[in-house]
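Residue numbers (this note's numbering): 39 to 540.
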């Protein structure tokens with residue numbers, strides 16, 4: 039239901055306009071002055087404002103200017119007497135959406151306000167679409183297309199194993215709530231798919247869905263991306279820019295890999311979750327937002343809290359409705375369904391006949407440990423669908439692509455000089471969990487009874503040493519981005535966990 043702010047210093051007129059809009063099915067809030075209207079506009083974020091042009095103190099023009107500082111896309115409809123039409127026209131030139139000349143009919147008022155709200159909705163949707171492709175974000179909702187094969191809601195989550203059925207039950211249980219959701223699981227296990235399912239099934243399903251990869255942005259860029267910035271807030275800030283919290287207002291914002299957020303941004307996130315208000319970079323104006331936050335993490339957040347790397351109070355704010363997504367190795371019964379789904383998607387995309395794996399190929403896939411989880415299976419399926427000339431894909435095509443020797447029924451090779459060595463772990467906290475280091479001899483990394491982050495750090499340090507500190511080559515070998523590698527090294531250096539020379 040749309041919310042409209044009605045502003046007029048005359049009580050009779052204010053109540054009459056409010057009653058007309060209420061009968062039209064809108065939620066109405068009122069203010070008797072421009073000053074009070076500015077405060078309400080910042081806190082309540084209405085869909086439109088209807089204001090008298092001539093008021094004592096702050097006029098309708100003054101109010102329009104102040105509203106533009108809060109939200110330049112918030113539509114304002116002016117009400118004016120016949121003798122002030124020229125001033126109203128000037129207001130439209132300054133950014134007002136429309137004006138009504140008193141006296142006006144109730145239907146005329148309702149039509150003008152509905153047009154204003156629809157225009158603002160389209161502007162907001164275009165902004166969401168534009169920003170969804172930036173910095174690794176994504177958008178879905180607000181009437182946008184569904185996922186692959188038209189899947190929405192719980193149908194997005196492929197599988198029928200006991201483990202994945204529990205996940206589906208959790209999603210159904212939390213979706214109707216407006217509470218914050220924390221989805222945790224290994225990298226590549228499909229956390230964003232679960233986040234989208236939660237959004238699809240929530241009361242916010244028709245509103246914006248935005249996702250931000252927190253690990254892909256530096257602290258300053260992430261702060262601006264999340265909270266927005268004012269014109270001139272820093273070098274290059276040439277105009278006001280809304281953050282994703284504002285763009286996702288009344289919808290869902292996914293904070294992917296929340297564990298990688300810096301302490302300063304963590305503090306600002308905590309305030310948004312506690313008070314439902316934010317301040318853009320370079321501004322002291324508090325702006326209200328109504329956003330459902332879904333956070334994801336492939337790290338052990340309680341352990342990060344214990345080490346002082348993540349705020350305990352923020353963790354408690356995020357961990358309201360937790361969902362644990364198991365690794366693919368714990369739900370191997372889902373491999374046939376997932377593989378057929380991925381093969382079908384590729385065939386449809388490429389305009390090729392449908393393909394499938396034979397029984398031997400499926401047996402190999404179901405005996406593999408899947409260190410890269412569902413993402414790795416998806417890559418294998420796409421490669422097989424493209425490279426296979428036959429409609430039935432056999433074991434011989436895919437077995438060389440699987441990196442764990444034990445999965446193919448052979449004992450793991452010894453770490454001999456000149457040969458590669460396997461660094462194996464169920465998860466390396468965002469790295470490809472099982473990676474073969476070719477070239478010079480490398481010792482096995484012990485993985486038993488050690489925190490995953492220690493294993494991850496050892497793998498990165500060893501790989502950097504193999505490439506003589508060359509970050510691009512090391513990142514490529516590890517299967518992660520150079521920026522991600524740099525952020526991890528910066529954090530470890532600050533904690534004196536690695537040498538400053540790395």
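Ideal placement from N, C-alpha and C gives every residue a C-beta, glycine not left out.
Taking all protein chains shown into account, decide if residue i is buried (16 or more other Cβ within 10 angstroms of its Cβ) or exposed.
i: residue 82; result: exposed
i: residue 451; result: A caution first: residue 451 carries a pLDDT of 42, below 50, which makes its placement in the model too unreliable to give a value.
i: residue 533; result: exposed
i: residue 123; result: exposed
i: residue 348; result: buried
i: residue 461; result: Its pLDDT being 33, under 50, residue 461 is placed unreliably in this model, and the coordinates cannot settle the point.
i: residue 428; result: exposed
i: residue 434; result: exposed
i: residue 77; result: exposed
i: residue 471; result: Because residue 471 carries a pLDDT of 37, less than 50, the predicted location of this residue cannot be relied on, and no value is offered for it.
i: residue 263; result: buried
i: residue 79; result: buried
i: residue 333; result: buried
i: residue 350; result: exposed
i: residue 284; result: buried
i: residue 455; result: Low confidence applies to residue 455: its pLDDT is 35, below 50, so where it sits in the model is not reliable, and the reading given next is rough at best. So residue 455 ends up on the exposed side.
i: residue 483; result: Here the model assigns residue 483 a pLDDT of 40, short of 50, so the residue's position is not dependable, and the following value carries that caveat. Answer is buried; the Cβ neighbour count reaches 16.
i: residue 559; result: Outside the shown range of the chain, which is 39 to 540, sits residue 559, and nothing can be said about it.
i: residue 506; result: exposed
i: residue 63; result: exposed
i: residue 468; result: With a pLDDT of 37 at residue 468, under the threshold of 50, the modelled position of that residue is not reliable, and no figure is offered here.
i: residue 322; result: exposed
Beta carbon of residue i, beta carbon of residue j: below 8 Å?
i: residue 352; j: residue 227; result: no
i: residue 91; j: residue 51; result: no
i: residue 86; j: residue 130; result: no
i: residue 266; j: residue 281; result: yes
i: residue 369; j: residue 197; result: yes
i: residue 244; j: residue 214; result: no
i: residue 493; j: residue 516; result: no
i: residue 253; j: residue 298; result: yes
i: residue 402; j: residue 375; result: no
i: residue 158; j: residue 107; result: no
i: residue 66; j: residue 74; result: no
i: residue 359; j: residue 218; result: yes
i: residue 127; j: residue 89; result: no
i: residue 276; j: residue 319; result: no
i: residue 250; j: residue 232; result: no
i: residue 324; j: residue 257; result: no
i: residue 311; j: residue 327; result: no
i: residue 523; j: residue 513; result: yes
i: residue 71; j: residue 96; result: yes
i: residue 44; j: residue 101; result: no
If distances are taken between C-alpha atoms only, which option among the options comes closest to residue i?
i: residue 304; options: 356, 341, 290, 281; result: 356
i: residue 423; options: 440, 388, 406, 291; result: 388
i: residue 413; options: 377, 382, 398; result: 377
i: residue 338; options: 437, 216, 296; result: 296
i: residue 294; options: 221, 417, 39, 43; result: 221
i: residue 119; options: 105, 141, 127, 491; result: 141
i: residue 409; options: 163, 225, 323; result: 225
i: residue 393; options: 416, 189, 430; result: 430
i: residue 371; options: 49, 161, 199, 93; result: 199
i: residue 110; options: 242, 134, 380, 395; result: 134
i: residue 193; options: 168, 167, 162, 237; result: 237
i: residue 373; options: 154, 400, 361; result: 400
i: residue 286; options: 99, 306, 211, 329; result: 329
i: residue 168; options: 260, 308, 246; result: 246
Considering residue i, what are the terminal residues of the beta strand (DSSP E) in which it resides?
i: residue 333; result: 330–335
i: residue 195; result: Unbroken run through residue 195: none, as it is neither H nor E.
i: residue 361; result: 359–362
i: residue 69; result: 65–69
i: residue 220; result: 219–222
Please report the residue range of the alpha helix (DSSP H) in which residue i lies.
i: residue 75; result: 72–82
i: residue 379; result: 373–388
i: residue 45; result: Residue 45 -> not in any alpha helix (DSSP H); beta strand (DSSP E) instead, spanning 41–45.
i: residue 213; result: 200–213
i: residue 368; result: Careful: residue 368 lies outside any alpha helix (DSSP H) and carries neither H nor E.
i: residue 341; result: 339–344
i: residue 397; result: 397–405
i: residue 512; result: 509–516
i: residue 348; result: No alpha helix (DSSP H) contains residue 348, which DSSP labels as neither H nor E.
i: residue 618; result: Because the chain spans 39 through 540 in this model, residue 618 falls outside it and cannot be assessed.
i: residue 52; result: 49–61
Less than 7 Å between the CB of residue i and some heavy atom of the ligand MN, yes or no?
i: residue 49; result: Annotation note on the ligand MN: not contained in the displayed structure, which lists no ligands.
Exercise for the section: Run through the region 236–317 for me and flag every whole beta strand (DSSP E) of 3 or more residues, listed as ranges in chain order. Expected result: 247–251, 290–294
Problem - Whole alpha helix (DSSP H) elements within the region 85–150, 4-residue minimum - result: 98–108, 123–131
Problem - Complete runs of the alpha helix (DSSP H) confined to the region 407–436 [at least 4 residues] - result: 411–425, 433–436
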